[in-house]
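S.K.: Would you mind keeping the following structure in view while I ask a few things?
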């Protein structure tokens with residue numbers, strides 16, 4: 108099956124790339140700043156022919172379980188902390204920044220040198236079209252509104268209100284979906300749990316049928332959104348696009364119905380979840396701040412962020428705690444101390460979360476070795492120089508977590524699982540970047556921290572476990588996923 112997949116992948120990319128090449132070469136006129144030959148560009152290979160090989164290398168590195176290889180091979184080959192490449196679906200001119208200095212420059216240069224950007228193919232999957240924008244997709248202003256509401260949703264005061272819900276839902280989930288069994292598959296169960304929690308907090312929806320139906324659609328989107336950009340029936344990208352259409356088809360009537368309910372009871376309506384908060388928001392003229400499409404985009408973005416960060420990280424927390432019993436024991440002791448301080452039915456509070464210092468160190472080390480997001484792209488908005496090279500306007504940039512997370516200069520013996528790295532002041536700035544950095548750092552970082560710690564607390568005080576497949580392979584799609592969904596054998600804590 109792997110051989111068939113690899114061959115099919117090569118042939119499909121080759122076919123599409125060659126077709127694209129022939130078309131673009133016919134239309135292309137070398138007008139990139141008059142001529143790029145006069146510019147001192149970063150080392151690397153770009154253009155319409157290298158895009159085939161570079162794209163294959165980029166995706167196959169993850170498929171082979173070595174997602175950082177694409178970057179490390181090229182930094183070694185070019186002896187440079189910035190190189191250029193071409194990636195199908197991204198562009199023929201992409202500057203990849205590596206190391207802490209590269210991260211610092213890009214994160215600090217947001218809005219000055221670069222701006223947020225996602226490939227059009229990703230936006231096709233995850234966003235409502237905007238007929239009023241130039242390219243048919245949401246504008247920077249729309250993105251800013253989405254970000255503002257997400258930031259309000261994850262403020263510390265809001266998180267303290269969500270904490271009892273998170274705790275009670277974690278308890279219910281473990282009792283219903285874990286406790287009756289001797290063996291469970293961790294990854295799909297955590298996808299189910301995190302989606303149910305998001306559905307409750309984002310939309311106030313607790314209907315199991317709705318959660319199962321929409322959750323399956325989001326799984327397809329998450330799996331195919333950043334896959335090889337080939338839209339053929341049967342491919343992950345095709346399935347993601349179809350699932351994205353289905354999500355929008357389901358969400359829009361819900362938004363319209365809730366809007367109607369709020370308008371009919373405007374004087375007494377309260378913001379009980381993110382959806383109602385956005386629907387109630389008005390500007391100084393009494394007009395809605397967000398359109399229905401912008402509200403839908405915000406809901407989709409938060410669902411996807413939760414699926415990508417929390418479910419993936421907790422899955423790998425379970426994996427590493429099974430592999431390192433001594434680490435499990437320390438987490439268990441910390442969490443039991445908190446549990447023993449509570450009454451029989453007393454839920455976790457904000458002070459309890461702050462006491463989970465070692466547990467968070469463990470989660471951080473998990474995100475260092477198995478980061479839930481591999482990096483991000485940006486669009487260059489003005490020419491700039493970095494490390495002696497010119498990066499022209501219109502290029503794309505990419506920062507990648509593996510360029511620092513697995514670098515021995517920042518993390519000695521980088522392959523070793525060692526939570527003590529995060530003791531005290533922790534890693535040097537711009538070296539640990541699972542949530543990005545700068546103005547566009549993931550706004551859900553604190554939400555993810557609370558969600559991860561709440562689940563860890565409930566899991567370790569209730570169960571001990573062992574991996575059913577000791578040498579289970581990890582694949583990257585590009586998010587890390589255990590090949591067999593991480594089956595474990597569980598037993599109650601005594």
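Numbering (our numbering), first residue to last: 108 to 601.
Backbone N, C-alpha and C fix where the C-beta goes; we use that ideal spot for every residue, glycine too.
Note that the coordinates shown come from a computational prediction; the quantities given were computed from them, not determined experimentally.
Measure from the alpha carbon of residue 315 to the alpha carbon of each residue in 309, 323, 303, 308, then state which is nearest.
M.R.: Of 309, 323, 303, 308, the residue nearest in Cα terms is 303.
S.K.: Can you have a look at residue 169 and say buried or exposed, based on whether 16 or more other CB atoms are within 10 angstroms of its CB?
M.R.: Looking at its Cβ environment, which holds 16 or more other Cβ atoms inside 10 Å, residue 169 is buried.
S.K.: Pop quiz: residue 567 and residue 439 are said to be a contact at Cβ under 8 angstroms. What is the actual Cβ separation, rounded to whole angstroms?
M.R.: Correct: roughly 5 angstroms between the Cβ atoms.
S.K.: Give every residue of the same chain whose Cβ lies closer than 6 angstroms to the Cβ of residue 128, excluding the five residues on either side of it in the sequence, and list them in chain order.
M.R.: Because the pLDDT of residue 128 is 46, which lies under 50, any placement of that residue in the model is unreliable, and the question is left without a value.
S.K.: Kindly indicate the opening and closing residues of the beta strand (DSSP E) around residue 290.
M.R.: That run of the beta strand (DSSP E) goes 290 to 292.
S.K.: Pick helix, strand or coil for residue 256, following the three-state DSSP scheme.
M.R.: In the structure shown, residue 256 sits in a helix (DSSP, three-state: H, G or I).
S.K.: Could you tell me how far apart the beta carbons of residue 348 and residue 231 are, in whole angstroms, since I believe they sit closer than 8 angstroms?
M.R.: The Cβ separation is near 6 angstroms, so the contact holds.
S.K.: Per DSSP, which one or two residues make a beta bridge with residue 599?
M.R.: Residue 599 pairs with 570.
S.K.: Determine the direct distance from the alpha carbon of residue 539 to that of residue 243, and round the result to whole angstroms.
M.R.: Note that residue 243 scores a pLDDT of 45, beneath 50, so its modelled location is shaky; the value from the coordinates is reported in the next line. Between residue 243 and residue 539, the C-alpha separation is close to 35 angstroms.
S.K.: Can you tell me whether residue 576 is buried or exposed? The criterion is at least 16 other CB atoms within 10 Å of its CB, across all chains shown.
M.R.: So residue 576 counts as exposed.
S.K.: According to DSSP, residue 505 sits in a beta bridge with which residue or residues?
M.R.: Its beta-bridge partners are 203, 484.
S.K.: Does the distance from the CB of residue 301 to the CB of residue 418 come in under 9 angstroms?
M.R.: In contact: residue 301 and residue 418 (Cβ atoms closer than 9 angstroms).
S.K.: With DSSP as the reference, please indicate the residues paired to residue 589 in a beta bridge.
M.R.: 581.
S.K.: Runs of 3 residues minimum, wholly inside the stretch 265 to 303: which ones carry the beta strand (DSSP E) assignment?
M.R.: Listed in chain order, the complete beta strand (DSSP E) runs (minimum 3 residues) inside the stretch 265 to 303 are 290 to 292.
S.K.: Quick check: the Cα distance between residue 517 and residue 483, rounded to an integer number of angstroms?
M.R.: Using only the alpha carbons, I get a separation of about 21 angstroms.
S.K.: Am I right that residue 273 and residue 561 are in contact with their C-beta atoms under 8 angstroms? What's the rounded C-beta distance?
M.R.: Correct: roughly 5 angstroms between the Cβ atoms.
S.K.: Opposite residue 223 in the DSSP bridges: which residues?
M.R.: According to DSSP, which records beta bridges pairwise, residue 223 is partnered with 485.
S.K.: When DSSP labels each residue in this structure, what does residue 369 get in the three-state scheme?
M.R.: Note: residue 369 maps to helix in three-state DSSP.
S.K.: Between 498, 345, 386, 326, which lies nearest to residue 414 when the distance is taken from Cα to Cα?
M.R.: Minimum Cα distance to residue 414 is reached at 326.
S.K.: Grab me the residues of residue 214's own chain with a C-beta within less than 6 angstroms of its C-beta, minus the 5 sequence neighbours each way, in chain order.
M.R.: Here the set comprises 544, 545.
S.K.: Closest to residue 310 by CA distance: which of 383, 468, 428, 329 is it?
M.R.: Of 383, 468, 428, 329, the residue nearest in Cα terms is 383.
S.K.: Excluding five sequence neighbours on each side, which residues of the same chain lie with their C-beta closer than 8 angstroms to the C-beta of residue 241?
M.R.: With a pLDDT of 47 at residue 241, under the threshold of 50, the modelled position of this residue cannot be trusted; read the value that follows with caution. Within the same chain, residue 241 has no close Cβ partners at all.
S.K.: My output table needs one value for residue 576: the three-state DSSP class, helix, strand or coil.
M.R.: Reduced to three states, the DSSP call for residue 576 is coil.
S.K.: From the DSSP output, read off the bridge partner residues of residue 465.
M.R.: Partner(s): none; residue 465 has no beta bridge.
S.K.: Can you have a look at residue 335 and say buried or exposed, based on whether 16 or more other CB atoms are within 10 angstroms of its CB?
M.R.: Residue 335 comes out buried.
S.K.: If we call anything under 9 angstroms between Cβ atoms a contact, is residue 330 one with residue 409?
M.R.: No; because the gap between Cβ atoms is not below 9 angstroms, this pair is not in contact.
S.K.: With DSSP as the reference, label residue 492 as helix, strand or coil.
M.R.: Strand at residue 492.
S.K.: Whose C-beta lies closer than 8 angstroms to the C-beta of residue 342 among residues of the same chain, with five residues either side of it excluded?
M.R.: Taken in chain order, the residues that qualify are 119, 331, 334, 335.
S.K.: What is the DSSP secondary structure of residue 112, counted as helix, strand or coil?
M.R.: Unreliable positioning characterises residue 112 in this predicted model, as indicated by a pLDDT of 44, which lies under 50. A coordinate reading is not provided.
S.K.: Any chance the stretch 427 to 445 sits against the stretch 461 to 476, with 3 or more Cβ pairs inside 8 angstroms?
M.R.: A contact exists between the stretch 427 to 445 and the stretch 461 to 476.
S.K.: Quick check: what's the CA-CA separation for residue 453 versus residue 472?
M.R.: In a straight line, the C-alpha of residue 453 is about 30 angstroms away from that of residue 472.
S.K.: Counting only the same chain and skipping the five closest in sequence on each side, list residues whose C-beta sits under 6 angstroms from that of residue 328.
M.R.: Closer than 6 angstroms at the Cβ level, and outside the excluded window around residue 328, lie 232, 347, 350, 351.
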